[in-house]
Amino acid sequence: MMPVPRIALINPNTSVETTRIMTEIARGEVGDAADIFGHTASRGPDVITDEISLEEAAKHVAELGRQFLEQSYRGILISGFGDPGLRRLREEMPIPVTGIAEAGMAEASAAGRRFSIVTTTPLLERSIEETAFRYGYADLLVSVRITPGVAEETMANEDAMTDALWNACMDAVTEDGAEAILIGGGPLAKAGENIRSKIAVPLVNPVCAGARLALARL
């Protein structure tokens, strides 16, 4: 009997609770097809809210990922929406490395759908747009919708975050003409699931999309 493949999920921020939630979501997506183990960055912010912290996270992700060569992992999933450290690890690692942004954008844009990214971090809007361009989805990205208020405060309250995401999703559909919604952040994945049934268009959870793609690449 072949052993179940192991996938390392890397949380680029330092929140152990966020790692737990994202790992639980990813495990639920792949079921018995793989074992997913969560790993948390040892340095950096609890929440990545700007380009400086995103660049710093890339260094920590690469450092952490290098340790997995000796831990019998078959794949790596970077569970931060900017895919920090992805290109660096792909150059260095002999196993597949997947990012939740690349996976989420691929699913949201399936069959040529025009999609919107809904997130909580205004200082990362330009970075998100550049990521869409880099992956070849700029022409299908109709908007990046940002929830109002301070990102850290919104994300600290699950009910407030759920409400804010729902309002932004509704604006993306009714005002921007989005045919699909991509939740723009691993830490937002749980709140995204809370509103899935209330949105009239497909809603893509990036952690679920990332888990599926990471599994497919093994």
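End of the sequence shown = 221 in the working numbering, gap-free, step of one. For glycine and all other residues, C-beta sits at the position ideal for the given N, C-alpha and C.
In the DSSP annotation of this structure, the continuous segment of the alpha helix (DSSP H) that includes Asp166 starts and ends at 161-177. If you draw a straight line from the Cα of Glu133 to the Cα of Gly34, it comes to about 33 Å.
Residue state for Asp35 is assigned as helix, using DSSP reduced to three classes. Residues of the same chain with a CB within less than 6 Å of the CB of Ala171, apart from the 5 flanking positions on each side, are Val121, Arg148, Thr150 in chain order. Membership of Thr157 in the alpha helix (DSSP H) is indicated by the continuous run 154-158.
Rounded to whole angstroms, Gly41 and Asp174 show a C-alpha spacing of 34 Å. For Leu144, the enclosing beta strand (DSSP E) starts and ends at 144-149. Val153 counts as exposed, since fewer than 16 other beta carbons sit within 10 angstroms of its beta carbon. Closest in C-alpha terms to Asn208, from the list Tyr140, Leu89, Ser82, comes Ser82.
About 6 Å separates the CB atoms of Asp49 and Asn16; that is less than 8 Å, so the two are in contact. Only residues of its own chain outside the window of five on either side were considered, and among them Arg117, Phe118, Ser119, Ala175, Asp179, Gly180, Ala181 have a CB closer than 8 Å to the CB of Val145, listed in chain order. Secondary structure of Ile51 (DSSP, three-state): coil. Out of Ala65, Arg46, Ala167, Glu196, the CA that lies nearest to the CA of Gly102 is found in Ala65. Per the DSSP secondary-structure output, Gly41 pairs in a beta bridge with Leu12. By the 16-neighbour rule on beta-carbons within 10 angstroms, Asn160 is exposed. Between the stretch 83-96 and the stretch 65-75, the count of C-beta pairs closer than 8 Å reaches three or more; the two stretches touch. Between Thr123 and Thr157, the beta carbon gap of about 5 Å places them in contact (Cβ cut-off 8 Å). Excluding residues up to 5 positions away in sequence, Pro87, Gly88 lie with their Cβ nearer than 6 Å to the Cβ of Ala61 in the same chain.
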